[in-house]
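Contents: one structure, followed by commentary.
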Ligand SMILES: [Zn+2]
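Numbering (our numbering), first residue to last: 4 to 77.
Written as structure tokens, this is what we have:
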């Protein structure tokens with residue numbers, strides 16, 4: 004038995020009526036926002052990690068190389 008009639012959708016966080024017959028389709032915007040919210044810690048850490056990496060010698064070289072490639076080689 005389920006204790007609640009409404010359950011949050013695991014994909015988008017919307018409250019879904021489990022007894023409904025229409026089914027549920029995630030709104031793409033809501034789904035993206037919900038998933039970004041769930042990942043906010045990882046996103047923040049990734050950004051910090053990239054900034055840290057770019058201060059290392061290897062990071063400086065990589066960003067120099069990338070900039071060179073973006074400009075279209077020699
Ligand atoms: Zn959904």
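Cβ atoms here follow ideal geometry from the backbone N, Cα and C, with glycine treated the same way.
I'd like to check one pair, residue j with residue i: are the Cβ atoms closer than 8 Å?
i, j, result
"residue 16", "residue 37", "yes"
"residue 8", "residue 20", "yes"
Using C-beta distances below 6 Å, list every residue in its chain close to residue i, excluding the 5 sequence neighbours before and after it, in chain order.
i, result
"residue 68", "none"
Worksheet item: For the region 13-41, which segments carrying the beta strand (DSSP E) assignment without a break, of at least 3 residues, lie completely within its bounds, in sequence order?
Response: Unbroken beta strand (DSSP E) stretches of 3 residues or longer found wholly inside the region 13-41: 18-20, given in chain order.
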